[in-house]
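Numbering (the UniProt record's numbering), first residue to last: 1 to 931.
Quick reminder that beta carbons are idealized off the backbone N, C-alpha and C, glycines included.
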DNA sequence: TTAGGGTTAG
C-alpha cells in the first residue's frame, strides 16, 4: 500500500531556538586619540613589566601604542616578553590576533608555539600551528622547516613544535607537507609522536605509502597504541587484506594492549560495507568473548549492516540489546533504522521511527529528513518528498546538496528533468554549489531524456568549476548519444576519451559495445571487445551480455551460446541477464527445450530468475498456448515476491485476447491494477485491439471513450486500432469521427495512418470514402506515397473508374511523385502514354522527346521494352497503339500537362514554354488540370 | 582514529 501522507513533521518539532543576543557580541573598537609615542616597543615592554599584562593592556594608552606597531616591532615585543614572562608573550600574541585583528608573522607564531609547547598547553599550540599552516597553505613545509631549522634550532621544546607541525599538516590533509616535515625531523634526530604517526597512517590508509610510514614506526620503535592498531586494521581491510587484518586483530600476546573495541568496530564496519553483515556479527560475538564491551559505534555499525542487508527484525533485536546494555539508541541509530525501512519501501515504518525520535525528545536532523525524502522517492511518491522539502524550507532548514540530489535524481528518473533543473537554479540562488554527484545525476537525467546537448553544457559548466567528471558522466553522455542513434558521434566522443587516456573504465567500453549491438553492428562491437582484450582490460559480465544480445539479435544464436561457454571458461559467473537474453532468443524461435534447459542451469547455479526471466518463460508458454501454465507462473512470481511488470501482463493479456477469452484478459488487467502495476499505453492498445478483433467493436468504442474521459495516457495506436476496425467493418462515419479526433489531439499523423484506412476502404471498394480520406490527407499536408496511389488506382480499375485513374495519375505527376516512371507502367493509361512517346520519336516528331523526355529518354526506351515488348516492333501494333490512344477518352489537356510536369520528375521543372511548344505542335490542346 | 543521507552501463 502506498504511503499515506500524515501530519507534517514540523508540527511535532520543538520550535525553541536559542539565538545569541547581538548586543552581547558587540565589541567596542573605538580608540582614544593619543599622542604618537616615539618608542611604542619600549613603552609596551616596560608597561607590561611594571603594571602587569592585564592592567597595562586594558588602558587606552596601550591601544594607541598598538595602533602604530609594525610586524617587526610586534615580533620584537613577543620575543622580549618571552624571555622575561612567557605567559605574557602568549597573552600579547592572542590579544593582538583576536582583538586587534593583526596577522601574526611566522616568527611570532613559532615563538609563541615554543612557549606553549614548553608550558604543555597542547590545545592552544595546536590551534596556533593549525592556523598558521591554513594561512600558509599546501607546499609551505620547506620554508617553514627552514625557518625552524635556522632560527629556532636548539630552542627548548623544539621537538614538540616540529611534531605539532607535522601533525597539523596531516590533520589538514596536506600529507606531502607532513611527510616533508617527517624527513626533516629524521635528519635532526627528532622524535615523531605516535599521534602524528597515527594521523598520517589514517590519511594514507588507502595507499601503499601507509606501509612506509608504519615501517618508520617500527624501525624507530615508537610505542604504538590501540589507535595505531585499529588504523592499520582499517588500512588492511581497505586494501582487501582481510586475512592480515584478522591476524593483527588477534595478535595480543606480544603487545601491551589487547584488541580494542575500535579495532573490532573497524572490522565490522568494513565487512558490513562489503555486504557481509553475518561476518560482522561474528566479530561482534568475538568481541564479547574477549571481554570487551561493545559501544554505541559497535551497535550502530552492526545495525546499519543488518538494515542495508534487509534484516530489519534482527536490526531491531540488536537495538533492543543495545538498550539492555545500557546504551540508549541515539539519533544515528534511529536514522539507520529509518533508512532500513525506507530501503524496503516501507516509508510508513520509517515514519514511525521518526515519531519515536520525537517521543524520545530528540530532534530529527537534516539526515532524518533526507532519509524520509529518499524513502518517499524510492516508492515513487515524489509529490510527498517535495512537500517534505517545503516543510524543511518553512522550518528554515537548509537543504543539503545530498537532499537536493535525492529529489533531483527522483525527478530525473520520472522524466521531470525540467523540474530538476529548477531545483538546480534554486540551489544556485541559495548559494549552494552542486557537487560531482549532483552534476552527474543531472547529466545522466538529461541524456536519458535525449537532451544530450543540454547535458554537455552542464558537463562543461562542471569542468569550468574545476569539478572533474568521472566516467559516470562520460558514460551518461555516451548512452545519451547511442540512445539517440548518434552512434558515430558517440564513437568520436569515445575515441577522444581514449586519445586523452581518459578511458580506464570498462563501463565506457560496455556502453559503446551495447550501442553498437543495439544498432545491429555486431562486427564493430566485437572489434571493440578485441581492443579491450589487447589493452589488458578485463571484460565484465555486462560486456558479454551485450555481445550475446547482439548475436541473438542477428540470428547468430550458436555464437551467442558459444559466448556463454567462454564466460564460464574465463571464470566469470553468468548473470540472470546472460541467461534471460539467451532464453529470449530460444523463445523467439519457439525452442522451449533449450529455454528450459538454461532455466535448469540457472537453478543449479543458484542464479535467481528475475521478473524478465519469468516474463520470457511466460512468453514462451503463451506461444504454445499454454495459458493456464503461464497464469500459474504469474501467480508463482507474486508468491516469490518477484513483481511482474507491465510487459509480463501485456503478454498474457494479449494471449487471452487472441483466444477470444476477453473476460480473462480484463480480469488480468484488474489484477494488474490490484498489484499497483500501472498499465502501459500498450496495455490499453492490446485490450482495445482485443475487443476490435476478437470481441465487440461497441465495447472497444466504449472503452476508448471511457479512457479518454479518465484522461488516461494513451498513444496514437489506441485511435488507429479502432479506426482500422471501423473501416474494416465498413462503418465509415465512426472511422472519420475518431480520425478527426486523433488529428485534433495533436498526434503526428503519418502516411501510414492514412494508408491503413484507405487500404481497408479500397479493399471493400468504398471508393468515395477512400477518395474522401485521400483528399483529407492532402489537405492535412501529408504527401501520398507510391503504394497508396497503387492501391487507389487498382481500386479505380476494379470498379471501372477510368477517369479517376487518369485524374490520379495526373495528380501523381503533378505532385512530382513519379520518380521512377517504369514502376508505374503497369497502368494501361501510362502504357499508352509511353507508346505515344515512342511513336512520336519514331515518326520523327523530335519535339515530344525534347521536353522532359530528353532527360530520361533511355528509361522510356527500357520502359517500352519491358511493357510493350513485341507490340512496339510491329508497325501494325504501332497503328493499333495509335488507335488505342484515340480510343481512350482523356480529360482535356491531361497528357500535355503530364508531359510538361515530367521535367519536374527528373529534377527539372516543366516550363510553360515546354507546354506551349507542345501546344504549337497541335496534337492536343493545353488545358491545365487541377484536382 | 570506528557509526547514519545522494549518481551508472546489459
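Between the segment 600-618 and the segment 575-592 there are three or more C-beta pairs closer than 8 angstroms, enough to call the two in contact.
Assigned with DSSP and collapsed to three states, residue 395 falls in coil, not helix or strand. Taking residue 136 as the centre and dropping the five residues before and after it, the same chain places the C-beta of 144 closer than 7 angstroms to its C-beta, in chain order.
Cα atoms of residue 663 and residue 808: separation of roughly 47 angstroms, rounded to the nearest angstrom. Residue 511 sits close to residue 478, with the two beta carbons spaced by under 8 angstroms. A contact is defined here as three or more CB-CB pairs under 8 angstroms, and the segment 675-687 meets this definition with respect to the segment 651-659. Across the set 553, 495, 70, 725, the C-alpha of 553 shows the shortest separation from the C-alpha of residue 520. Taking a C-beta distance under 8 angstroms as the contact criterion, residue 69 and residue 43 do not qualify as a contact pair. Between residue 692 and residue 715, the beta carbon gap of about 15 angstroms keeps them out of contact (Cβ cut-off 8 angstroms). Taking residue 86 as the centre and dropping the five residues before and after it, the same chain places the C-beta of 115, 118, 119 closer than 8 angstroms to its C-beta, in chain order. When DSSP states are grouped into helix, strand and coil, residue 351 belongs to the helix group.
Residue environment analysis places residue 293 among the exposed positions, since fewer than 16 neighbouring C-beta atoms fall within 10 angstroms of its C-beta.
Taking 4 residues as the shortest admissible run, the UniProt repeat "PPR" (715-749) contains the following complete alpha helix (DSSP H) segments, listed from N- to C-terminal end: 716-728, 732-744.
Straight through space, the alpha carbons of residue 377 and residue 440 are spaced by roughly 18 angstroms. Judged by DSSP secondary structure, residue 593 falls within the alpha helix (DSSP H) whose first and last residues are 592-604. About 14 angstroms separates the Cβ atoms of residue 78 and residue 100, ruling out a contact at the 8 angstroms cut-off. Here the C-alpha atom of residue 38 lies approximately 38 angstroms from the C-alpha atom of residue 141.
Cβ contact annotation for residue 109 (same chain, cutoff 7 angstroms, sequence separation greater than five): 128, 132, in chain order. For residue 166, the enclosing alpha helix (DSSP H) begins and ends at 158-171. Judged by pairs of C-beta atoms under 8 angstroms, the segment 275-286 touches the segment 307-324, as three or more such pairs exist. With respect to residue 138, residue 177 sits close: the two C-beta atoms are nearer than 8 angstroms. Counting of Cβ neighbours within 10 angstroms places residue 789 among the buried residues, the total reaching 16 or more. By the neighbour-count definition (other C-beta atoms within 10 Å, threshold 16), residue 752 is an exposed residue. Residue environment for residue 389: buried (at least 16 other C-beta atoms within 10 angstroms of its C-beta). With 16 or more neighbouring CB atoms inside 10 Å of its own CB, residue 757 falls in the buried class. Ranking 485, 74, 395 by CA distance to the CA of residue 40 puts 74 first.
Its Cα nearest to that of residue 759, the residue 793 stands out among 793, 781, 737. About 5 angstroms separates the beta carbons of residue 602 and residue 579, which is inside the 8 angstroms limit, making them a contact pair.
Contact check for residue 370 against residue 406 passes: the beta carbons are separated by less than 8 angstroms.
By the Cβ neighbour-count rule, residue 224 is buried, with 16 or more other Cβ atoms within 10 Å of its own.
Within the same chain, 517, 581 come within 7 angstroms of residue 549 by CB-CB distance, once the 5 residues on both sides are set aside. According to the DSSP assignment, residue 579 belongs to the alpha helix (DSSP H) that extends over 576-588.
Residue 631 places its beta carbon 8 angstroms or farther from that of residue 614. Assigned with DSSP and collapsed to three states, residue 151 falls in helix. If you draw a straight line from the Cα of residue 733 to the Cα of residue 795, it is about 20 angstroms long.
Shown here, residue 491 sits in a helix according to DSSP, grouped into three states.
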